[in-house]
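Have a look at the structure below before the remarks.
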Amino acid sequence: MSGSVRAISTALSTSHRGGLLLRATKATKEVKRASSRTGGSGGSGAPSHEVSGARYEMMKQILYQEEPRQLPPLSTEDVDRHMTIMRAQKIFHMTASATRRAERMAKFESMRSAYEALADLDQRLFDGACQKEANATFPRQMRVPTETPPTKIWDYLTK
Numbered sequence: 009m010s011g012s013v014r015a016i017s018t019a020l021s022t023s024h025r026g027g028l029l030l031r032a033t034k035a036t037k038e039v040k041r042a043s044s045r046t047g048g049s050g051g052s053g054a055p056s057h058e059v060s061g062a063r064y065e066m067m068k069q070i071l072y073q074e075e076p077r078q079l080p081p082l083s084t085e086d087v088d089r090h091m092t093i094m095r096a097q098k099i100f101h102m103t104a105s106a107t108r109r110a111e112r113m114a115k116f117e118s119m120r121s122a123y124e125a126l127a128d129l130d131q132r133l134f135d136g137a138c139q140k141e142a143n144a145t146f147p148r149q150m151r152v153p154t155e156t157p158p159t160k161i162w163d164y165l166t167k
């Protein structure tokens, strides 16, 4: 059991991302402190290359230095708690997926029964509903949505 506790503890410690924000905040403070210590631009009005170089080096040192990302070792209770939460989340997703699948199947069954009812009611309408047009890729009366209404509202003489 201690091997699995250690593996989960290692996995959780490597997925920890809070350290990056903390290092960026420290870097900002250190850069401001370094620029105030060096005296800014040196009085000539032009930026000093030495100051920006020092600031650049300090930013590199703070941002890219490797800090140990170790979490304290997890106890058996912590691992059990973590595994319970993960199982509960998996069960939740499985039930949500089953619900969506059942809804899709009910919709499909309703469409199939309507399709069969149309075939029993009128074969001519059924054949017309199943016939595809040769070059129709979009609906005939489809219009691109715009902010303003069309200049020609409706053509009543179109058949």
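Positions 9 to 167 (the numbering used here) are the ones given, in order, by the sequence shown. Here a beta-carbon is modelled for each residue, glycine too, at the ideal position from N, C-alpha and C.
Taken through DSSP and simplified to helix, strand or coil, residue 69 comes out as helix. DSSP places residue 92 within a helical segment (H, G or I) once states are collapsed to three.
When the beta-carbon positions are compared, residue 90 and residue 82 come within less than 9 Å of each other. Within the same chain, 133, 134 and 137 come within 8 Å of residue 126 by CB-CB distance, once the 5 residues on both sides are set aside. In the three-state scheme derived from DSSP, where H, G and I count as helix and E and B as strand, residue 64 is classed as helix.
In the structure shown, residue 97 adopts helical secondary structure according to DSSP, grouped into three states. For residue 131, the enclosing alpha helix (DSSP H) stretches over residues 131-138.
In the three-state reduction of the DSSP assignment, residue 152 falls in the coil class, being assigned neither a helical nor a strand state. The three-state reading of DSSP puts residue 126 in helix, counting H, G and I together.
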